[in-house]
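Student: Take 0 as the starting number for the sequence shown in numbering that gives the first Met the number 0 and just add one per residue.
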Amino acid sequence: MRPALRPVSPLPLHLIDPLLRYLDWAGVAVFALSGALLAAVKRLTLVTFAFFAVVTGVGGGTVRDLLIGAPVFWIHENAILLICLGAALVVWLLPRRLWNERALLWLDAVGLAAYATYGAAKGLAFDVAPLPAIGMGVLTGCLGGIVRDVLAGEPSILLRPELYVTAAALSAALTVGLSLAGLAPPVAGIVAALAGFALRAAAIARGWSLPAYSR
0 MRPALRPVSP
10 LPLHLIDPLL
20 RYLDWAGVAV
30 FALSGALLAA
40 VKRLTLVTFA
50 FFAVVTGVGG
60 GTVRDLLIGA
70 PVFWIHENAI
80 LLICLGAALV
90 VWLLPRRLWN
100 ERALLWLDAV
110 GLAAYATYGA
120 AKGLAFDVAP
130 LPAIGMGVLT
140 GCLGGIVRDV
150 LAGEPSILLR
160 PELYVTAAAL
170 SAALTVGLSL
180 AGLAPPVAGI
190 VAALAGFALR
200 AAAIARGWSL
210 PAYSR
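(1) Using 10 angstroms around the beta-carbon of residue 70, count the other beta-carbons present and answer buried if the total reaches 16, otherwise exposed.
(2) Whole angstroms is fine: what's the gap from residue 285's alpha carbon to residue 143's?
(3) Buried or exposed for residue 79, going by 16 or more other Cβ atoms inside 10 Å?
(4) Enumerated in chain order, which unbroken segments of the alpha helix (DSSP H) with a length of 4 residues or greater are wholly contained in the stretch 162-189?
(5) Kindly indicate the opening and closing residues of the alpha helix (DSSP H) around residue 33.
(6) Between the stretch 123-138 and the stretch 32-42, can you find at least three pairs of beta-carbon atoms closer than 8 Å?
(7) Let me know the alpha helix (DSSP H) ranges lying completely inside the stretch 84-172, each 4 residues or longer, listed in chain order.
(8) Are the stretch 200-209 and the stretch 171-189 touching by the rule of at least three beta carbon pairs closer than 8 Å?
(9) Would residue 92 and residue 33 qualify as a contact pair, given that the criterion is a beta-carbon distance under 8 Å?
(10) Alpha carbon to alpha carbon, how far is residue 162 from residue 111? Give it in angstroms, no decimals.
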């Protein structure tokens with residue numbers, strides 16, 4: 000009896016385009032900065048700065064890798080934790096007047112789009128089916144920020160009507176859809192990340208939100 004054939008991924012198995020790897024690093028760096036920035040807003044200690052930066056920077060990607068059966072991305076790579084710790088140190092050393100809560104929103108928007116795009120691409124590279132791959136993108140983009148807010152005692156973004164998860168879903172869905180359509184991974188990644196960021200940026204600038212249940 001012949002073994003069942005596995006579906007062919009639009010990305011090479013266990014191989015992700017280098018440009019998409021840059022999106023991963025960008026997502027880690029920006030989310031780590033946002034975690035440290037929230038610690039600054041709360042006037043916490045340097046150790047807490049570092050903890051928030053690491054948890055926010057690697058939280059979503061860690062859960063994603065565990066779910067898709069990939070090696071956890073920061074375990075075998077010193078650079079990831081160094082990026083997180085460096086982000087914490089930067090926020091700690093720079094004057095408080097340079098940071099505000101508005102900056103946290105914009106940093107989070109950049110990280111959300113980059114990380115959601117990379118998470119979906121990595122799901123495809125590990126032969127995750129298209130819909131779950133979109134879910135992996137959303138999980139990668141949102142989980143770190145959710146954990147950060149919970150640890151800081153802030154209302155979770157999931158409980159607010161802002162276009163947050165929707166922006167992550169847009170980036171992830173475009174990554175999957177464009178990849179399945181045969182678009183080159185770097186092009187698909189750039190288009191997806193820009194689209195997700197544009198939606199989140201519009202939500203921040205114009206106060207766009209989803210309608211709440213009112214019946």
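Glycine is no exception: its CB is placed at the ideal position from the N, C-alpha and C atoms.
Tutor: The short version:
(1) Translated into positions along the sequence shown, residue 70 becomes position 71. That one is exposed.
(2) Past the boundaries of the shown model lies residue 285; the chain is included only from 0 to 214, so the question cannot be answered.
(3) The count along the sequence shown starts at 1 and reaches residue 79 at position 80. Flag for residue 79 reads buried.
(4) Listed in chain order, the complete alpha helix (DSSP H) runs (minimum 4 residues) inside the stretch 162-189 are 164-179.
(5) Here residue 33 corresponds to residue number 34 of the sequence shown, with the count starting at 1. Here the alpha helix (DSSP H) through residue 33 covers 17-40.
(6) The stretch 32-42, when compared against the stretch 123-138, does not touch it at the 8 Å Cβ threshold.
(7) If you keep only unbroken alpha helix (DSSP H) runs of at least 4 residues inside the stretch 84-172, you get 100-124 and 129-150.
(8) Short answer: they don't touch.
(9) Your numbering for residue 92 matches position 93 in the sequence shown. Your numbering for residue 33 matches position 34 in the sequence shown. It is not a contact, given that the beta carbons lie outside the stated cut-off.
(10) For this step, residue 111 is matched to residue 112 along the sequence shown. For this step, residue 162 is matched to residue 163 along the sequence shown. Computed Cα separation, rounded: 11 Å.
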